[in-house]
Every structure is written in structure tokens, then in C-alpha cells.
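Okay, so here's the structure we're looking at.
Residue numbers (my numbering): -6 to 123.
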């Protein structure tokens, strides 16, 4: 099965592995920057949660996002997490800050608490030119 024919579940699991590996590689190359450690901590905590584990994770500027589609343009269904320089975590949606918390686990719990009801496994997204 080619990447283009990959099932949504396989695409989600591959993305979890690849995203985590990317951040671990950055940590190894650049040293223990607080943002790298925070991003990895959020990815680890989120992967432990059954709801978030079924979404497609992606990062931008160390922010951890979760999509209900597996291709760009992503459909953001839940809030995202921003690791902060002081080791804390900010949880926000597109428009408002939800909270700042001390741990990645607390941040993930807030993301899950703000998830819409009935959220399911990420679906194959449509490319922008479709």
C-alpha cells in the first residue's frame, strides 16, 4: 500500500511516530531546549490519551496541534498546546487562551475536556487543490 493509499488509522499512527522522532532528533542535535522538552512531553501525554491518539498530530513553532483530517488543510477539532519558556504550558483554541498549567498532562486533560462530543478517528483530508 502506498502512502497515498494508506488508511486513516495507519496515517495517524505513522504521524505520531514520525512527529515524536522528529522532536527527539531535534533534542539530540540541539540539546535540551525547554521548548523541545515541552513539545515531547505534550506528545507523550497526548499519545497516552485514547481520544487524542486517534487524531492526527502536527507541530508548528513547537505548538502541538491535533487534526481530525490526515492531510492539509488540517481540520482543527480541539485546542492546541504551547510549551512556554518557563516550562509551563498554555492551552488555547484559535481565538482565546483557555489556561496556563504546570504540566503536559494537565494541558492534555484540558484539550480533552474541550473536545467536541462524538470526536472520532481522523479521516483522510482533501488536498487544497481537490
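Backbone N, C-alpha and C define an ideal beta-carbon position, used for all residues, glycine too.
Contact between the stretch 45 to 56 and the stretch 24 to 36 is established, with three or more Cβ pairs separated by less than 8 angstroms. A contact is defined here as three or more CB-CB pairs under 8 angstroms, and the stretch 75 to 89 meets this definition with respect to the stretch 99 to 118. In this chain, the alpha helix (DSSP H) harbouring residue 1 covers 1 to 23. For residue 50, the enclosing beta strand (DSSP E) begins and ends at 49 to 53. Exclusion of the five residues before and after residue 107 leaves 72 as the residues of its chain whose Cβ lies within less than 6 angstroms of its Cβ. In this structure, 97 is the residue among 67, 97 and 109 with its C-alpha nearest to the C-alpha of residue 74. Nearest to residue 110 by C-alpha distance, out of 45, 94 and 51, is 45. DSSP places residue 68 outside both helix and strand once states are collapsed to three, so it counts as coil. Collapsing the DSSP output to three states places residue 76 in a strand.
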